[in-house]
Amino acid sequence: MVTGGQIALGIFAALCFLGITFHLTRRRLLSEWISLAWLGISIGLLAPAVFPGLAFRLAEAMGFKVTSNAIFTFAVLLLLAFNLFVTTRLSVLDQRLRRLAQDQALGMIEGGSPPTGARPAAAPDDT
Amino acid sequence: MRVVRYPKGTVLLVLPAYNEEASLPSTVAECCQVVEPEDVLVVDDASTDATADVVRQLGVRSGRLPVNLGIGGAVQTGYRYALRAGYRVAVQVDADGQHDPRDVPALVEPVLQGRCDMAIGSRYLTAEGFISTLPRRLGCRLLSAAIRVSTGERIADCTSGFRAVNRRVLASFAGYYPTDYPEPESLAILLHLGMTVLEIPVVMRPRQGGVSSIKALDGAIYMVKLLSVISAYGTFHGTVARET
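Protein chains in written order, with our numbering: chain U, 267 to 393; chain S, 8 to 251.
Below is the structure:
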């Protein structure tokens, strides 16, 4: 049985999370796609807080004996997926940083006189 | 006496350098006996000592990375330059003096002759010279075994950074080159792509200055990473030959 206080606490927590997400997005501390993902997660938190019966029925339909187990399972899976998304973005940024740093060094190297017999910069490039 | 063997713009010696102010002058001087100074490239990996100042006084080609990318990032910078500038062969030479530049021709010739895509200077084909510490030798054996299991081919010194590569390899490495402890993984990549690797016996020397970038714990972590990556490459169609 879910009491009114528990529902109020759930709504309050979900709204706080939503507010923080909005705040970070407005201050450009989150990029569009990541803020969209967090907004989705905030709404996902708000829905069972407003309608707790949803969580009970969904857990029962999926064969969970204890609703909290279902909630924890979904939370872990969601965070795992989000972590994968973030690390993918991080790897892309790492590659870009590496290219950028190398391009700067290459500019410095090519600033000197090219060796005799070497092809000009129009030689097949890797980029 | 200078004994330059290759015309300008043919063979590029790439020296990745991180805090190598002590050993760099002598290593570069030795390199300039094999190729022209314009064909020696020092890639300063954002050193925190006086490496940048030392390089400026040496009269060779140089570039400084704005942030430390690790050995792989520095070597890849050299390979990208070699590809763009039209060099036929690029040779990685450690700035710490472990690699003897007098061995460069032995690595370059088979590559120039088209006998292989990559020639590795192998310290384990002869029992002479500096052989490295026991944990590193064991690690090297383990990696060689992993490459052998993964590919069916045997490479005695898969961790040697003393390697000459042709333009085919340069094109591949310019696109992707591993970051940390890149030699075994990059070797597995080449073999996976069906390229030919030749091992040449060389005698290596103890480092002449600076400190190794590989620490004990890092070494163990790299080992796990490399074994996983090499296993993941699966089968390949390359051939490995060995000269003794």
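Backbone N, C-alpha and C fix where the C-beta goes; we use that ideal spot for every residue, glycine too. Keep in mind it's a predicted model, so treat the numbers as computed, not measured.
Any C-beta of chain U under 7 Å from that of residue i
i	result
Val-74 of chain S	yes
Arg-68 of chain S	yes
Thr-55 of chain S	no
Tyr-184 of chain S	no
Thr-58 of chain S	no
Thr-203 of chain S	no
Tyr-13 of chain S	no
Gly-159 of chain S	no
Gly-77 of chain S	no
Contacts of residue i in chain U (Cβ-Cβ under 7 Å)
i	result
Val-50 of chain S	Ala-371
Straight-line Cα distance separating residue j from residue i
i	j	result
Gly-66 of chain S	Glu-160 of chain S	42 Å
Thr-242 of chain S	Gln-83 of chain S	Here Thr-242 of chain S scores only 44 on pLDDT, less than 50, and its place in the model is too uncertain to base an answer on.
Met-202 of chain S	Asn-173 of chain S	11 Å
Met-230 of chain S	Ile-127 of chain S	20 Å
Leu-48 of chain S	Pro-189 of chain S	19 Å
Leu-132 of chain S	Ala-152 of chain S	16 Å
Val-118 of chain S	Tyr-183 of chain S	21 Å
Phe-330 of chain U	Ala-336 of chain U	6 Å
Asp-107 of chain S	Leu-356 of chain U	39 Å
Test: residue i CB closer than 7 Å to a CB of chain S
i	result
Gln-361 of chain U	no
Met-328 of chain U	no
Arg-226 of chain U	No information on residue 226 of chain U is available, as it lies outside the stretch 267 to 393 that chain U covers here.
Ile-300 of chain U	no
Residue i, DSSP secondary structure in three states
i	result
Glu-27 of chain S	coil
Leu-233 of chain S	helix
Val-49 of chain S	strand
Leu-72 of chain S	coil
Gly-377 of chain U	coil
Leu-20 of chain S	strand
Proximal residues of chain U, C-beta to C-beta of residue i below 8 Å
i	result
Arg-71 of chain S	Ala-371 and Met-374
Closer than 6 Å: residue i CB and nearest the ligand SAH heavy atom
i	result
Leu-177 of chain S	The ligand SAH is absent from the structure shown, which contains no ligands of any kind.
**Request:** Tell me the start and end of each unbroken beta strand (DSSP E) in the stretch 94–123 of chain S that is at least 3 residues and wholly inside, in chain order.
**Result:** Here the runs fully enclosed are 96–99.
**Item:** Any alpha helix (DSSP H) of 4 or more consecutive residues that is wholly inside the stretch 284–349 of chain U
**Value:** Complete alpha helix (DSSP H) runs here, min 4: 298–316 and 318–327.
**Prompt:** Which ranges would you report for the alpha helix (DSSP H) in the stretch 150–229 of chain S if only whole runs of at least 4 residues count?
**Reply:** Taking 4 residues as the shortest admissible run, the stretch 150–229 of chain S contains the following complete alpha helix (DSSP H) segments, listed from N- to C-terminal end: 174–182 and 190–199.
**Request:** Name, going along the chain, the residues of the stretch 277–288 of chain U whose beta-carbon falls closer than 7 Å to a beta-carbon of chain B.
**Result:** Included in the structure are the protein chains U and S, with no chain B among them.
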